[in-house]
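*Asks:* Take a look at this one; I'll ask things after.
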Amino acid sequence: MVLSSRFSHVQSISDIIQAIARQRGRGDSTPLIMLRTLDDIPGERISHLPIDPQLAQVWLAYTGEPFRPHQAHALAALRRGEPVALRAVSGDIAATLHLLARAALAEARGATTLMLAFDDSHARALYAAFDDANQSLPRPLQVPATSTTALRVNPFARMVIATPEALHDRVLRHHQRAWSVFWNGLRLIVLPDVHRFTGVAGAHLADLLMRAYRVAAAHGAAPGFLASLMRLNDPAPALHALLGRSWRIIDADDGPRPATVAAIWQGGGAWLRETIELVTQWRRQSYRVHVLCDALVRVALAAAIGDSADVTVGSDLQPAQVLICAGFPGSISAFRRLLASGYQAVIVVLGELPQEQALARQVSVVLDGPLTAWVPPPANVYVLAQHVACAASELPLTAADVDAWGCAEIVARMAAHQQLIELPDDESIWIPAGEYDPYAEFSVLAASGGAITARSEQPRIRECLDPTLFERWAFASAALPPGVGGLRVVMRDEEEGSISLRLETSGRRTYPLRRGQVVVRDLHEERALAQDQRMLWGRVVAHETIYGWRELSPGASPVDTALNAPHESRWIAPACWFELPVTIQVQGQFVGWCLTAAVALRALASFTDLVPFYDHERRRLFFIDAQPGGNGLAQWLYQNAEDVLPIAYDIALACRADPLLEPLSRVEQDWLLALLGRAPVETPRRNASPASPLPDPQSEQRRTVGSSRDSQLSATRRDRRQPFPSPEPPLAPRAEPPQPAPNERKSMQRIAPSAPETTEPSQPNAVQNDERSETPDAAALIERLRRQREQRERVKGRVTHATSARETEVQPRFVPGDRIFCLPYGDGEVLDSRIEDDREMLTVRFPDYGELVIDPALSLVRKLEPPREN
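Quick note, the sequence shown lines up with residues 59 to 928 if you use our numbering.
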């Protein structure tokens, strides 16, 4: 039935979402945890915009929209020579960027414009939008445009759409030859979605803009700057760091906004499978769908969904009716931009990242929570050194350039290492030395060197990744993206710097097991937190060894696996650290990830951009910038710790029911409670055996051992913890830690573990002595007996994680050895059939996907008849 009104059409979409949720649900529970209809908003308009009259008339006819007030404000500021940043929830400000760029080109005959995209896919999308407008405008108003992603690039085009890598290696490098005409007429540099340049990418962007302005000035041009960004919390400091001067920030939310439906879908461990199923359901309803995902997920989803005219997959917004976001879109501000981008429905499929589990418990935060912060890009010495060398290659580096850039120390160091040569002249001038090529191996994702290549097996899709993922998270057989899984690393090439990925929808997740050492090199600042706790910020040298990983598969317990060859890394970066009032027991440096997830909720960052390290001897918990030289997050955390710590505690509470993150949750609550002042400070006791340590990581063969969970907290400590903490901790006086009795102190000394890197398996008698020192408690005693029984069965190899199909009243449909067909994986062989919660679960081996856990109630499974004998 065709519905005429917009409101009724939105209502029909809500009905479709609810119907799909009922089909995908189990009993009374459905994966749909939020469904909200947002009303449309009328816009403002102005009658006249002071641009070329012919362009104004044709633009109104092309877009069908009137001019907006923010367009007049931006045009006036650009003509005064001010850098302009358009801030808006809606993504429609992209049309304003194209209009103002054409207006700048119409003011002079030989004027040119540079539009800087974040990556290749972003550049292709910008070029497609600009070329589409070109085809609709009259020939006198058509502007020759080119993109550096094309096979043949036109250096004489008036609109050049370039990526940072192409601007670095082609447009700037050859400015005196092929691109001289372009630089002579440069009038405007446009930065769409400038907020995407965070961390190291922001440091690269600041240096690229410095180089571009320097080259343009040498050609007699003085370009202006125009940027767009989503609505963020105080973006002025980050914008100031890009150019070294203030920007004119103009609110651009004066356009109309159509009604839309917002839905949050709890995908859990099967979030990729749920995403694929949602795409299939909407295709059956004849809707055009765009799947929004990051570069890593696109490698697998593009192969699983396939090529279709009504479905697109990518990290940039594309025209469609329904938007499905695979995973939370990174920040609350990004989610609100999706709602204002003109889609009839926006569905976000949550995975099992720590922050996603917290959002599933407090889903209203995505609509009512505070705006996301944009961390100012840092002054990264590794990034700056590469750009200084390139700038000296493009034009001789003068003393005025060095002062304007603030890189005197870098230049002196490079001259001492024979990378720059100072010419004998009255004024100091530097040029590159010898055959040194400063343009080699460049990527905005890396502080130095190139990016990591991720490719799928079939078809051959390539994406670029942050190199820090390669060192810490992308070991062989790792589950990516970090923390949620969905992809398996099937091959890792150290020399090429690449990984091969395979789609894996079983819900398997992995976390790295690490050991290492942190040495404080410089102490910049320190301050006091609540309850007189200290927090410090400085620069450290981190030595890290990845010796294994902790893995969780559906229906099983966490298992620790050792790497054949541990991965070693060392880097120097800023860090902040807490002086903890309590001693926490940590194995494999499995600590701190809840706080990094809280940072990802409040700032434009990933939870892997900070690396936690715990120093057992000094009771220091470090949070180090993952990139060498720093990405700015450690300093931001140092300044905003009081806002982030309560969020980290909420995330730790949300992860209590996760079998993989439950040990992490308890450790996080211990030190977070002490820092927040919500519980008396006390020395924690161990009341159960520790997790089984890994074997020697130098062994040539990979071995797996069961990872038993640590015991639960005592009843008295559970009573003191608040399940729903208040936004601000109560100002309670600090309590002194209780002193144990003499006999109890001796027992504690006997079982006190050393650092997790050298911890030996605990002896049974030590565990029994510790148990006798505890206050008798029926619930705790039953729990200890159950855990001891599981430990004995695990040692004997007889642990059973699911009820056997033969011991339940539910009759299984399949038996081991059956040949089946399962959509979308194809033919496979049943390895195991078991009953879980009155449902049959199958472990099936597929030729292309390996072993997967299949639920016949959710997936189409058909038994294949054996071939008949003649």
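We put the CB at the ideal spot given by N, CA and C, even for glycine.
Every value quoted in this text rests on a predicted model; they were computed, and no experiment measured them.
Three-state secondary structure (DSSP) at P570?
*Replies:* Reduced to three states, the DSSP call for P570 is strand.
*Asks:* Kindly indicate which residue of A134, T206, P612, Q324 has the alpha-carbon position closest to the one of A79.
*Replies:* Among A134, T206, P612, Q324, the Cα nearest to that of A79 belongs to Q324.
*Asks:* Please go through the same chain and pick out, in chain order, the residues whose beta-carbon is closer than 6 angstroms to the beta-carbon of P202, but skip the five residues on each side of it.
*Replies:* Same-chain partners within the cutoff: A215, R216.
*Asks:* With a floor of 4 residues, list each alpha helix (DSSP H) that falls wholly inside the stretch 252–317, ordered by position along the chain.
*Replies:* With a minimum length of 4 residues, the continuous alpha helix (DSSP H) runs that stay inside the stretch 252–317 are 258–276, 294–301.
*Asks:* Might you give, ordered along the chain, the residues of its own chain that have their beta carbon closer than 8 angstroms to the beta carbon of E583, omitting 5 neighbours on each side?
*Replies:* Excluding residues within five positions, the ones whose Cβ falls inside 8 angstroms are L594, W595, G596, Y696.
*Asks:* Enumerated in chain order, which unbroken segments of the beta strand (DSSP E) with a length of 3 residues or greater are wholly contained in the stretch 163–196?
*Replies:* Within the stretch 163–196, the complete beta strand (DSSP E) runs of at least 3 residues are 170–174.
*Asks:* Between A162 and chain E, is the shortest Cβ-Cβ distance under 8 angstroms, so that the two count as touching?
*Replies:* Here chain E cannot be found, since the structure has a single protein chain.
*Asks:* Compute the beta-carbon to beta-carbon distance between I390 and T333, rounded to the nearest angstrom, for a pair I have assumed lies under 8 angstroms.
*Replies:* In fact, because the Cβ distance is near 21 angstroms, the residues do not count as touching under 8 angstroms.
*Asks:* In chain order, what residues of the same chain lie with their CB nearer than 6 angstroms to the CB of G908, ignoring the 5 residues before and after it?
*Replies:* So no residue of the chain qualifies.
*Asks:* For the beta strand (DSSP E) containing W51, name the first residue and the last one.
*Replies:* Limits of the chain in this structure are 59 at one end and 928 at the other, which puts residue 51 out of reach.
*Asks:* For a test of the three-state rule: what should DSSP assign to Y401, helix, strand or coil?
*Replies:* Y401 falls in the coil class under three-state DSSP.
*Asks:* Which same chain residues end up closer than 7 angstroms to I709 when comparing Cβ atoms and leaving out the 5 residues on each side of it in sequence?
*Replies:* Hits under 7 angstroms: P412, Q413, A416, C652, A655, A656.
*Asks:* Tell me the rounded alpha-carbon separation between Q234 and L559.
*Replies:* For Q234 and L559, the distance between alpha carbons rounds to 42 angstroms.
*Asks:* Just how far apart, CA to CA, sit S556 and I74?
*Replies:* Spanning the two alpha carbons is a distance of roughly 41 angstroms.
*Asks:* State buried or exposed for D251, treating a residue as buried only when at least 16 other CB atoms are found within 10 Å of its CB.
*Replies:* Under this definition D251 is a buried residue.
*Asks:* Drop a sphere of 10 angstroms on the beta-carbon of I104, count the other beta-carbons inside from all chains shown, and report buried for 16 or more, exposed for fewer.
*Replies:* Per the 10 Å Cβ criterion, exposed.
*Asks:* What does the alpha-carbon distance come out to for the pair I400 and V355?
*Replies:* Here residue 400 turns out to be Gly, not Ile, going by the sequence shown. So the two alpha carbons sit approximately 24 angstroms from each other.
*Asks:* Near I630, what residues of its chain come up, given a Cβ to Cβ distance below 8 angstroms and the 5 sequence neighbours on each side ignored?
*Replies:* Excluding residues within five positions, the ones whose Cβ falls inside 8 angstroms are R579, R597, V598, V599, A600, P686, G687.
*Asks:* Identify the continuous beta strand (DSSP E) that holds N622 and give its terminal residues.
*Replies:* Counting along the chain, the beta strand (DSSP E) containing N622 begins and ends at 617–637.
*Asks:* Taking only runs that begin and end inside the stretch 642–675, name each unbroken alpha helix (DSSP H) of 4 or more residues, in chain order.
*Replies:* Listed in chain order, they are 651–660.
*Asks:* First and last residue of the beta strand (DSSP E) that includes E480?
*Replies:* Taken as a continuous stretch (DSSP letters only), the beta strand (DSSP E) holding E480 covers 478–481.
*Asks:* Only counting the same chain, and skipping five residues up and downstream in sequence, which positions put a Cβ closer than 6 angstroms to that of H980?
*Replies:* Nothing about residue 980 can be read from this structure; the chain reaches only from 59 to 928.
*Asks:* Are at least three pairs of beta-carbons, each pair with one atom in the stretch 333–344 and one in the stretch 293–313, less than 8 angstroms apart?
*Replies:* Because the criterion of three Cβ pairs below 8 angstroms is not met, the stretch 333–344 and the stretch 293–313 do not touch.
*Asks:* Beta strand (DSSP E) containing W694: first to last residue?
*Replies:* Premise fails: W694 lies in the alpha helix (DSSP H), 691–697, not in any beta strand (DSSP E).
*Asks:* Are the stretch 601–611 and the stretch 561–580 touching, with three or more C-beta to C-beta distances below 8 angstroms?
*Replies:* The stretch 601–611, when compared against the stretch 561–580, does touch it at the 8 angstroms Cβ threshold.
*Asks:* By alpha-carbon positions, which one of F904, D896, L881, G646 ends up nearest to G875?
*Replies:* With distances taken between Cα atoms, G875 lies closest to F904.
*Asks:* Can you have a look at R32 and say buried or exposed, based on whether 16 or more other CB atoms are within 10 angstroms of its CB?
*Replies:* Residue 32 lies beyond the stretch modelled for the chain, which goes from 59 to 928, so this question has no answer here.
*Asks:* For the beta strand (DSSP E) that contains I91, what are its first and last residues?
*Replies:* Its beta strand (DSSP E) spans residues 90–96.
*Asks:* Among the candidates C880, L133, D178, V142, whose CA atom is the shortest distance from the CA of L158?
*Replies:* For the residues C880, L133, D178, V142, the minimum Cα distance to L158 belongs to L133.
*Asks:* Taking 8 angstroms as the threshold, find out whether the stretch 205–213 comes into contact with the stretch 138–157 through three or more Cβ pairs.
*Replies:* No, the stretch 205–213 does not touch the stretch 138–157.
*Asks:* Can you give me the C-alpha to C-alpha distance between E480 and V460, rounded to a whole angstrom?
*Replies:* Going from the Cα of E480 to the Cα of V460 covers about 13 angstroms.
*Asks:* Residue range of the beta strand (DSSP E) that D461 falls in?
*Replies:* First-last for D461: 457–463, but that is the alpha helix (DSSP H), not the beta strand (DSSP E).
*Asks:* Applying the criterion that 16 or more other CB atoms from any shown protein chain within 10 Å of the CB defines a buried residue, is A274 buried or exposed?
*Replies:* Buried is the call here.
*Asks:* By alpha-carbon positions, which one of A915, R724, P632 ends up nearest to D896?
*Replies:* Of the candidates A915, R724, P632, the one whose C-alpha sits nearest the C-alpha of D896 is A915.
*Asks:* Using the three-state DSSP reduction, which class does R744 fall into: helix, strand or coil?
*Replies:* Here the model assigns R744 a pLDDT of 35, short of 50, so the residue's position is not dependable and the matter cannot be decided.
*Asks:* Could you check whether the stretch 661–668 touches the stretch 431–438, counting it as contact only if at least three pairs of C-beta atoms, one from each stretch, sit closer than 8 angstroms?
*Replies:* Yes: at least three Cβ pairs fall under 8 angstroms.
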